[in-house]
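**Student:**
Residue numbers (my numbering), protein chains in the order written: chain V, 1 to 289; chain R, 1001 to 1288.
(1) So, do the stretch 1231–1248 of chain R and the stretch 1064–1077 of chain R have three or more beta carbon pairs nearer to each other than 8 Å?
(2) Identify which residue in R:1272, R:1158 and R:1288 has its Cα closest to the Cα of residue 1048 of chain R.
(3) Does residue 1046 of chain R have its Cβ less than 8 Å from a Cβ in chain V?
(4) Give a yes or no on whether 8 Å exceeds the smallest Cβ distance from residue 188 of chain V to chain R.
(5) Assuming residue 1077 of chain R and residue 1199 of chain R are in contact, meaning their beta carbons sit under 8 Å apart, how far apart are those beta carbons, in whole angstroms?
(6) So is residue 131 of chain V buried or exposed if we call it buried at 16+ other beta carbons inside 10 Å?
(7) Quick check on the DSSP output: the beta strand (DSSP E) that includes residue 82 of chain V runs from which residue to which?
(8) Please work out which residues of its chain come closer than 6 Å, Cβ to Cβ, to residue 125 of chain V, disregarding the five sequence neighbours upstream and downstream, and give them in chain order.
(9) Over the uninterrupted alpha helix (DSSP H) stretch that includes residue 1193 of chain R, give me the two end residues.
(10) Going by C-alpha distance, which of V:133, V:158, V:59 and V:81 is nearest residue 145 of chain V?
(11) Contact between the stretch 260–271 of chain V and the stretch 166–181 of chain V is defined here as three or more beta-carbon pairs at a separation below 8 Å; is this criterion met?
(12) With burial defined as no fewer than 16 other Cβ atoms inside 10 Å of the residue's Cβ, what is the status of residue 1071 of chain R: buried or exposed?
(13) Does the beta carbon of residue 185 of chain V sit closer than 8 Å to a beta carbon anywhere in chain R?
(14) Quick check on residue 1119 of chain R - is its C-beta less than 8 Å from some C-beta in chain V?
(15) Threshold first: 3 residues or longer. Then list the beta strand (DSSP E) segments lying entirely within the stretch 202–272 of chain V, N to C.
(16) Should residue 152 of chain V and residue 173 of chain V be called a contact, given that it needs their Cβ atoms to be closer than 8 Å?
(17) Starting from residue 1057 of chain R and walking both ways along the beta strand (DSSP E), at which residues does that stretch end?
(18) Please report the Cβ distance between residue 256 of chain V and residue 287 of chain V, rounded to the nearest whole angstrom; I am assuming they are in contact, meaning their Cβ atoms lie under 8 Å.
(19) What residues from the stretch 1175–1200 of chain R come within 7 Å of chain V, judged by C-beta to C-beta, listed N to C?
(20) So which of R:1254, R:1017 and R:1058 has the shortest CA-CA distance to residue 1030 of chain R?
(21) Name the DSSP beta bridge partners of residue 1179 of chain R, please?
(22) Can you check the stretch 19–47 of chain V for any beta strand (DSSP E) of at least 3 residues that lies completely inside it and give the ranges in chain order?
(23) Do you know whose CA, among R:1040, R:1062, R:1253 and R:1002, lies nearest residue 1010 of chain R's CA?
(24) State the CB to CB distance for the pair residue 1052 of chain R and residue 1107 of chain R, rounded to an integer number of angstroms; the pair is presumed to be in contact (CB under 8 Å).
(25) Between which two residues does the alpha helix (DSSP H) holding residue 1243 of chain R run?
(26) Considering only residues of the same chain and omitting the five flanking positions on each side of residue 292 of chain V, which have a CB-CB separation below 6 Å?
(27) Who are the Cβ neighbours of residue 1278 of chain R in its own chain at under 8 Å, not counting the five residues just before and after it?
(28) Out of R:1054, R:1260, R:1014 and R:1159, point me to the one whose CA is closest to residue 1004 of chain R's CA.
(29) Are the CB atoms of residue 3 of chain V and residue 50 of chain V nearer to each other than 8 Å?
(30) Nearest-angstrom Cα distance between residue 1089 of chain R and residue 1225 of chain R?
(31) On the CB-based measure, 16 or more other CB atoms within 10 Å of its CB, does residue 1281 of chain R come out buried or exposed?
(32) Please state whether DSSP places residue 1152 of chain R in a helix, a strand or coil.
(33) Determine the extent of the alpha helix (DSSP H) in which residue 1260 of chain R is found, giving its start and end residues.
(34) By the three-class DSSP mapping on this structure, what secondary structure does residue 1136 of chain R have?
(35) Can you give me the C-alpha to C-alpha distance between residue 77 of chain V and residue 161 of chain V, rounded to a whole angstrom?
Next comes the structure, spelled out in C-alpha cells:
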C-alpha cells in the first residue's frame, strides 16, 4: 500500500541496464528525487512524493542495483559517472527538459556532477545529508578498510566486504540502519530501511562500493565551483554517517544556502519529512519563478 | 513546548478539590475532552487539541489525582460519581451550556453518567476504548487480586497495590506498554511513562479503590437513559480494555461503533488522524 501511486512508469535503458522510473503529478516544474546508495531504492522518498506531487511533476527512479532497476554484476557498472549518466537518461525518458534535482547522501555526488556537467538540465540542486566524499568522513568511519580482512566484526568493522559476503550482511544492515537513523522514536524508519537493505544481494552492494571507492574527491571539488544553479544544502548536525561539516563545506563551495537540522541524523527524508518537504517546496517555488 | 497553548485556563473547585481546566479555540460548539484514569493527565489529548481547536471551542481538564488538579487522599474522592460531577463543574466554570463529550477508557464511563444525568448539557458522546462494566475484563486481568499480596510479579500481577508501593516504576513501564501495543510507538510509550511517574502510587491506589466501589445504579441502566448520539471507537487489539466492552457499550446506548483494526488502547495518541477525523465528523453531525 502506498500513499500515492505513480501516474506513469517506465524504463530508461543504458548499455543494457534498465532503470525503473515513476512519475507522479503534473505541473510546469519537475522535481527529480535522485537515487542514493543502492542499499535503498527510490522508496526512500516515500514521505516526499505524496506531498510534492500535489504541487509539482515528480520523477523518481531506482538506482542501478536496487528496486525495479537492473542489478549488473561488475563494479565498473556502479561508478559515479554511470549513476550520473542514468540521471540524464531518465530526464530524457520522461521528456523532462530541465528539473530541480534533490539528492540524498551518495545521490548528492551525482546531483553535483549533473549540475556541473549538464547545467542546461538542472534548474536547482538540493543536497540532503551530503555524501562525505565531498568533504570528509566521520572519524570513526575511516578506521577500517572496506576491502581488508579484519579481525573483528563490531561497530563499523561490519562495513566490510568480507563480512557482507560471508554471512554478516543481515547484521550489517541492522547496524547501518541504526547509524543512518539515530534519532529517538525511529523504529518505523529503521524497519523500512532494513527491509530495503535486505532486498539487495550482498555481492551487488559490494560492487556498488567498489565503484564509489574509486571516486576522486579532488575532481568532485573542482565540479562544485562550476555549478551555476541555485543550491540548498540540508544536513543533520548529529549525522553519524557524514559529518555536519560536510554540508557546511558543500554550501560554502557552491555559494548555496545551508540549513542545519538540529538533532537530525542522516536519514532526514523519512525521519524529518515535514521540514524536508517544506524546504524542498520553498526552494522549488523560488527557483521556478 | 506544546503545539497549541490554551487561550484561557483556570480552576473549578468543589469540596476543596481544585480541578485545572484549559480552553482552546473558539466556536459555537464546545468539545469537552474528559480526563481518564489519573495515571495520565489531560495531555493525553495532545494530538486532538491543536486540530479540533481550529474549528471548535475545546475544553480539557486534569482529572483529580493528576496533572495540576488536586490530589485528595482517600479512595472516596475517586469514585465515578466524583469524576462525573467534576466534568459538570468544569462545564459550569467555563460557561459551557452544552458540549460534545469525548472520553477514553474510564473517561468514557464518566461521560455516559453525565449524559444520563444531565441530558441538557450533553450534545453527544465519543467513547474511545471505553472501560465499562458491560462485558468481561480481559482474561489475563482477572487472574490477580488488586489488594492482596501476590507471589507473582509478572504481567498483570504488577497491577497490585502492594506491588505499586514497592516497585511502582516497573508497573509504569509495564502498563505503558500495555496501553500502546502497536509497533513504532516508542514516543507514545515514553510520554505515558513520563506522565505515570508524576503520580504518587498511594494516590493511584485510591483511584483504583474508588473505581471498584462502582455506582448505585447498574451501569446498563445508566446507558439506557442516555438519549444523545453516541460514537464508540475501540481497537480490536486493545490490551487494557476488551474490544467486547466497546461493542457492548454501543449496543447498550444504540450508538455507532467503529473498530480500529490493529488498534490498541490509547487510540488518541497512537491513531490521532483517524480519531481526529472521527471526532470532527461526529461533532459536525450532532451540532447541526
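No residue lacks a Cβ here, since even glycine has one placed at the ideal position from N, Cα and C. Small disclaimer: the values here were computed from a predicted structure and weren't measured.
**Tutor:** This is what the structure holds:
(1) The stretch 1231–1248 of chain R is not in contact with the stretch 1064–1077 of chain R.
(2) Position 48 of the second chain, counting from 1, holds the residue named residue 1048 of chain R. When R:1272, R:1158 and R:1288 are compared, the shortest CA-CA separation from residue 1048 of chain R is found for R:1272.
(3) Taking the first residue of the second chain as 1, we reach residue 1046 of chain R at position 46. Under the Cβ criterion of 8 Å, residue 1046 of chain R is not counted among the residues facing chain V.
(4) Within the first chain, the letter at position 188 stands for residue 188 of chain V. Using a CB distance cut-off of 8 Å, residue 188 of chain V counts as an interface residue toward chain R.
(5) Taking the first residue of the second chain as 1, we reach residue 1077 of chain R at position 77. Taking the first residue of the second chain as 1, we reach residue 1199 of chain R at position 199. With a Cβ gap of about 14 Å, residue 1077 of chain R and residue 1199 of chain R do not count as contacting.
(6) Residue numbering aside, residue 131 of chain V sits at position 131 when the first chain is read from its first letter. Buried, by the Cβ-count rule.
(7) The residue labelled residue 82 of chain V in the question sits at position 82 within the first chain. That residue, residue 82 of chain V, is in no beta strand (DSSP E); its alpha helix (DSSP H) goes 80–93.
(8) As a first step, residue 125 of chain V is located in the first chain; it is residue number 125 there, counting from the start. Only 101, 111, 115, 229 and 231 meet the Cβ criterion.
(9) Numbered from 1 along the second chain, position 193 holds the residue referred to as residue 1193 of chain R. Per DSSP, residue 1193 of chain R belongs to the alpha helix (DSSP H) from 1186–1196.
(10) Residue numbering aside, residue 145 of chain V sits at position 145 when the first chain is read from its first letter. Nearest C-alpha to residue 145 of chain V among V:133, V:158, V:59 and V:81: V:158.
(11) In short, these stretches touch, since the Cβ pair count reaches three.
(12) Position 71 of the second chain, counted from the start, is the residue given in the question as residue 1071 of chain R. Counting C-beta atoms within 10 angstroms of its own C-beta, residue 1071 of chain R has 16 or more neighbours from the protein chains shown and is therefore classed as buried.
(13) Residue 185 of chain V sits at position 185 when you count from the first residue of the first chain. Chain R contact via Cβ: present.
(14) As a first step, residue 1119 of chain R must be located in the second chain, where it is residue number 119. No, residue 1119 of chain R lies away from the interface with chain V (no Cβ there is under 8 Å from its Cβ).
(15) Listed in chain order, the complete beta strand (DSSP E) runs (minimum 3 residues) inside the stretch 202–272 of chain V are 231–236 and 257–261.
(16) Here residue 152 of chain V is taken as the residue at index 152 of the first chain, counted from 1. Here residue 173 of chain V is taken as the residue at index 173 of the first chain, counted from 1. Contact flag unset, no.
(17) On the second chain, residue 1057 of chain R is found 57 positions in, with the first residue counted as 1. That run of the beta strand (DSSP E) goes 1057–1061.
(18) Indexing the first chain from 1 puts residue 256 of chain V at position 256. Indexing the first chain from 1 puts residue 287 of chain V at position 287. Not quite, the Cβ-Cβ distance comes to about 12 Å (not below 8 Å), so this is no contact.
(19) Residues of the stretch 1175–1200 of chain R whose Cβ lies closer than 7 Å to any Cβ of chain V, in chain order: 1183, 1184, 1186 and 1187.
(20) To locate residue 1030 of chain R, count along the second chain from 1; it is residue 30. Minimum Cα-Cα distance from residue 1030 of chain R among the listed residues R:1254, R:1017 and R:1058 corresponds to R:1058.
(21) The residue you call residue 1179 of chain R lines up with position 179 of the second chain. DSSP, once it has assigned bridges, lists no residue as partnering residue 1179 of chain R.
(22) The stretch 19–47 of chain V contains these whole beta strand (DSSP E) runs: 30–33.
(23) Residue numbering aside, residue 1010 of chain R sits at position 10 when the second chain is read from its first letter. Of the candidates R:1040, R:1062, R:1253 and R:1002, the one whose C-alpha sits nearest the C-alpha of residue 1010 of chain R is R:1062.
(24) Taking the second chain and counting its residues from 1, the one referred to as residue 1052 of chain R is at position 52. Taking the second chain and counting its residues from 1, the one referred to as residue 1107 of chain R is at position 107. Contact between residue 1052 of chain R and residue 1107 of chain R fails: their C-beta atoms lie close to 16 Å from each other, not under 8 Å.
(25) Your numbering for residue 1243 of chain R matches position 243 in the second chain. Looking at the DSSP string, the run of the alpha helix (DSSP H) that includes residue 1243 of chain R is 1243–1253.
(26) With chain V represented from 1 up to 289, any question about residue 292 of chain V goes unanswered, as that position is not in the structure.
(27) Your numbering for residue 1278 of chain R matches position 278 in the second chain. In its chain, beyond the 5 residues on either side, 1126, 1231, 1233 and 1258 have a beta carbon closer than 8 Å to the beta carbon of residue 1278 of chain R.
(28) Position 4 of the second chain, counting from 1, holds the residue named residue 1004 of chain R. Cα-wise, what sits closest to residue 1004 of chain R is R:1054.
(29) Here the question's residue 3 of chain V lines up with position 3 in the first chain. Here the question's residue 50 of chain V lines up with position 50 in the first chain. The Cβ atoms of residue 3 of chain V and residue 50 of chain V sit closer than 8 Å to each other.
(30) For the purposes of this step, residue 1089 of chain R is taken as the residue at position 89 of the second chain. For the purposes of this step, residue 1225 of chain R is taken as the residue at position 225 of the second chain. Straight-line measurement puts the Cα of residue 1225 of chain R at about 21 Å from the Cα of residue 1089 of chain R.
(31) For the purposes of this step, residue 1281 of chain R is identified with residue 281 of the second chain, where counting begins at 1. By the 10 Å Cβ count, residue 1281 of chain R comes out exposed.
(32) As a working note, residue 1152 of chain R is residue 152 in the second chain. DSSP places residue 1152 of chain R in coil when its eight states are reduced to three.
(33) The residue labelled residue 1260 of chain R in the question sits at position 260 within the second chain. Residue 1260 of chain R -> not in any alpha helix (DSSP H); beta strand (DSSP E) instead, spanning 1256–1260.
(34) For the purposes of this step, residue 1136 of chain R is taken as residue 136 along the second chain, with counting starting at 1. Note: residue 1136 of chain R maps to coil in three-state DSSP.
(35) If you number the first chain from 1, residue 77 of chain V lands on position 77. If you number the first chain from 1, residue 161 of chain V lands on position 161. As the crow flies, the alpha-carbon of residue 77 of chain V is around 17 Å from that of residue 161 of chain V.
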